[in-house]
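The opening position of the first sequence corresponds to residue 3 in the numbering used here, with each subsequent residue numbered one higher. Down below is the structure, laid out as structure tokens.
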Amino acid sequence: MGKGIPTREEDYSGWYNELVKKADLAETSAVRGCMVIKPYGFSIWERMQAELDRMFKETGHTNAYFPVFIPKSYMSKEAQHVDGFAKECAVVTHHRLKNAEDGSGVVVDPEAKLEEELIVRPTSETVIWNSYRNWIQSYRDLPLLINQWANVVRWELRTRLFLRTAEFLWQEGHTAHATEQEAIDETEQMLEVYATFVEQFMAVPVIRGLKTPSERFAGAVETYCIEALMQDGKALQSGTSHFLGQNFARAFDVKFATRDGGLEHVWGTSWGVSTRLMGALIMAHSDDNGLIIPPRLAPTQVVIIPIFRNEEQHSAISEKVMEVKISLERLGVSVKYDDRDTHKPGWKFAEYELKGVPVRLAMGPRDLENNTVEVARRDTLEKQSMELDETFPQKIAGLLDQMQTDIYNKALEFQQDNTHKIDDYEEFKRVLDEEGGFVYAHWDGTDETEAKIKEETKATIRCIPLNAEAEEGKCIYSGKPSQQRVLFAKAY
RNA sequence: CGGGGCGUAGCGCAGUCCGGUUAGCGUACCUGCUUUGGGAGCAGGGGGUCGCAGGUUCGAAUCCUGCCGCCCCGACCA
């Protein structure tokens with residue numbers, strides 16, 4: 003493509019990195035591992051937030067906000083939790099700077115050392131459950147259904163824009179329930195909310211499943227996840243929903259009086275999706291010309307570009323375009339009219355292609371004369387001339403719906419074409435090495451086998467699929483009996 | 001933390017081996033004219049602590065020493 007972005011074929015990760023930057027989604031910052039999300043990238047994230055937030059509220063959740071700092075002692079209250087996160091925590095040790103005595107700048111004031119260090123939250127279970135102790139007294143206080151939109155910090159060794167950054171934006175739901183079953187139902191419900199969002203808005207098909215014990219969230223009894231397949235054949239974990247059992251309730255002593263006068267620990271869940279979804283969106287659909295954004299998430303669904311030689315033509319076209327714009331907006335379509343005379347039409351065509359605007363309308367003197375407009379769709383790059391009659395707005399709205407479906411179906415077809423059922427370990431290794439994709443294979447259920455396979459193939463068990471058919475088989479590695487196939491892939 | 005690579009204009013790079021005019025090219029930016037149905041053309045213009053600090057030298061982007069930062073590959077991870 004024109005702007006020096008490598009093709010996917012040449013250099014997939016180079017393509018991804020350059021696309022993120024050239025499409026104005028994000029850039030690296032002065033702080034190692036942290037990104038600046040630029041206005042266009044953030045507007046897509048805001049579309050995701052808006053739809054997810056609506057879905058959370060429809061399922062009874064309310065938003066709240068908890069502190070970015072966690073007292074160090076909280077982290078160690080749940081033993082597995084601290085094991086999972088200890089290695090990647092940013093720690094605040096002082097609260098003041100002072101001028102250096104040699105005039106070289108500012109230094110940390112040793113006098114200002116904190117009594118107890120503060121951890122910059124890598125996730126908020128501990129600080130939230132500490133509050134829940136006071137919020138929950140009785141079965142009447144349950145269920146407690148809270149969501150938080152926040153930033154978190156995990157000191158990752160190697161980072162990539164959106165896919166893995168030291169600081170990232172996400173939402174984290176934290177709920178408390180009177181019964182185990184109700185908490186499990188909540189965990190499963192939120193997994194389904196995520197799957198629905200990713201499939202219906204992001205147009206990315208996902209596999210719903212359970213993590214193996216080794217991949218489970220630190221402190222969870224069970225971790226549910228959705229896994230998506232990217233164009234390079236690698237899997238991306240796109241959302242997780244955890245059943246916490248009574249682990250955090252015990253760690254933070256959160257008990258409630260039951261209806262019959264007893265005193266019990268509450269049952270918890272937590273669930274989250276992050277700006278990593280931006281990475282999934284980019285990698286699932288985009289091509290060598292730039293981004294492809296599904297209409298339901300596109301900040302701008304239709305861009306209109308005028309083609310004119312003089313001011314007279316410009317104003318005549320603008321007048322017509324305004325009518326079209328209003329008629330589309332009436333149907334809920336978001337429209338941008340770009341009549342800047344600082345860039346030529348060809349430049350704008352390339353620019354909006356790079357940014358993935360789903361539909362482009364171009365109107366020039368010829369169109370004005372014939373009462374037509376050129377309609378180009380981003381996903382297929384097809385162009386056609388359409389009559390500007392009273393059915394036109396409906397046709398564009400219909401086209402956007404069609405594109406949403408087509409983009410999903412293309413991704414689904416790719417996923418199906420790259421999903422294999424394999425029973426022979428040599429074939430298993432060959433496919434993962436040469437072709438990538440999802441591989442369904444039998445597993446004996448042990449950590450040892452999982453670790454060995456990871457060591458030998460770099461592939462991990464992405465999940466134990468939900469609703470899979472029971473099937474007698476033999477573990478692909480050990481040959482021991484297995485009741486069900488699990489999903490293997492190399493992952494981000 | 002191990003291995004490799006790189007720091008020169010907003011971005012992408014050449015120049016460094018072998019020290020020597022005023023540090024150069026593409027792109028982007030500014031001005032003007034011509035252009036405008038797929039990233040325009042011509043002319044003119046602005047923009048540089050050559051990563052930082054020290055050293056060698058008449059003279060350092062270039063040689064020496066030390067430091068810093070970034071990227072890629074591994075281990076860790078949403």
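By construction, the Cβ of each residue, glycine as well, lies at the ideal position given by its N, Cα and C atoms. Source: prediction; values computed, not measured.
Please list the terminal residues of the continuous beta strand (DSSP E) segment that includes residue i.
i: Gln-191; result: Where Gln-191 is concerned, there is no enclosing beta strand (DSSP E), although the alpha helix (DSSP H) it sits in stretches over 182 to 202.
i: Phe-430; result: Note, Phe-430: premise wrong, no beta strand (DSSP E); alpha helix (DSSP H) at 427 to 436.
i: Tyr-339; result: 337 to 339
i: Lys-257; result: 257 to 259
i: Thr-383; result: The amino acid at residue 383 is misidentified as Thr; the sequence shows Leu. Premise fails: Leu-383 is in no beta strand (DSSP E) and is neither H nor E.
i: Leu-333; result: Per DSSP, Leu-333 belongs to no beta strand (DSSP E) and is neither H nor E.
i: Glu-266; result: 265 to 267
So, is residue i buried or exposed, given that buried needs 16 or more other C-beta atoms within 10 angstroms?
i: Val-108; result: exposed
i: Phe-335; result: The amino acid at residue 335 is misidentified as Phe; the sequence shows Val. It counts as buried.
i: Tyr-410; result: buried
i: Gly-348; result: exposed
i: Ala-81; result: exposed
i: Gly-4; result: Caution is warranted here: a pLDDT of 45 is assigned to Gly-4, below 50, making its placement in the model unreliable, and the coordinate value is therefore given only provisionally. With fewer than 16 other Cβ atoms within 10 Å, it is exposed.
i: Thr-64; result: exposed
i: Ser-484; result: buried
i: Tyr-442; result: buried
i: Leu-536; result: Residue 536 lies beyond the stretch modelled for the chain, which goes from 3 to 494, so this question has no answer here.
i: Asn-132; result: buried
i: Tyr-67; result: exposed
i: Trp-137; result: exposed
Secondary structure at residue i, three-state DSSP: helix, strand or coil?
i: Ser-484; result: strand
i: Glu-376; result: strand
i: Lys-492; result: coil
i: Ser-31; result: coil
i: Met-388; result: strand
i: Ile-409; result: helix
i: Trp-17; result: helix
i: Trp-445; result: coil
i: Leu-422; result: One point to set straight first is that residue 422 is His, not Leu, in the sequence displayed. Looking at His-422 - three-state DSSP - the assignment turns out to be strand.
i: Thr-459; result: helix
i: Phe-58; result: helix
i: Leu-401; result: helix
i: Ile-284; result: helix
i: Cys-477; result: coil
i: Phe-440; result: strand
i: Val-70; result: coil
i: Ile-7; result: coil
i: Gly-221; result: coil
i: Leu-451; result: The sequence as given places Thr at residue 451; Leu does not occur at that position. Looking at Thr-451 - three-state DSSP - the assignment turns out to be helix.
i: Glu-12; result: coil
i: Arg-298; result: coil
i: Phe-394; result: helix
i: Phe-416; result: helix
i: Asp-262; result: coil
i: Ala-472; result: coil
Per DSSP, residue i forms a beta bridge with which residues?
i: Leu-246; result: Answer is none; Leu-246 lacks a bridge partner.
i: Gly-292; result: Asp-289
i: Val-109; result: Lys-100
i: Ala-318; result: Paired residue(s): none; Ala-318 is not in a bridge.
i: Ala-364; result: Ile-307, Glu-376
i: Arg-533; result: Outside the shown range of the chain, which is 3 to 494, sits residue 533, and nothing can be said about it.
i: Cys-465; result: Leu-489
i: Leu-238; result: Ala-230
i: Thr-277; result: None, per the DSSP bridge assignment.
i: Gly-270; result: Ala-178, Gly-247
i: Val-93; result: Ile-121
i: Ile-501; result: Residue 501 cannot be examined here, being either before or after the span of the chain that is shown, 3 to 494.
i: Asn-65; result: Asn-149
Considering residue i, what are the terminal residues of the alpha helix (DSSP H) in which it resides?
i: Ser-75; result: 74 to 77
i: Val-84; result: 81 to 87
i: Tyr-354; result: 347 to 357
Could you check whether the Cβ of residue i sits closer than 8 Å to any heavy atom belonging to the ligand ZN?
i: Glu-190; result: The ligand ZN is absent from the structure shown, which contains no ligand whatsoever.
So within the stretch 115 to 181, which uninterrupted beta strand (DSSP E) runs reach at least 3 residues, ignoring any that extend past its ends?
115 to 122, 146 to 155, 169 to 179
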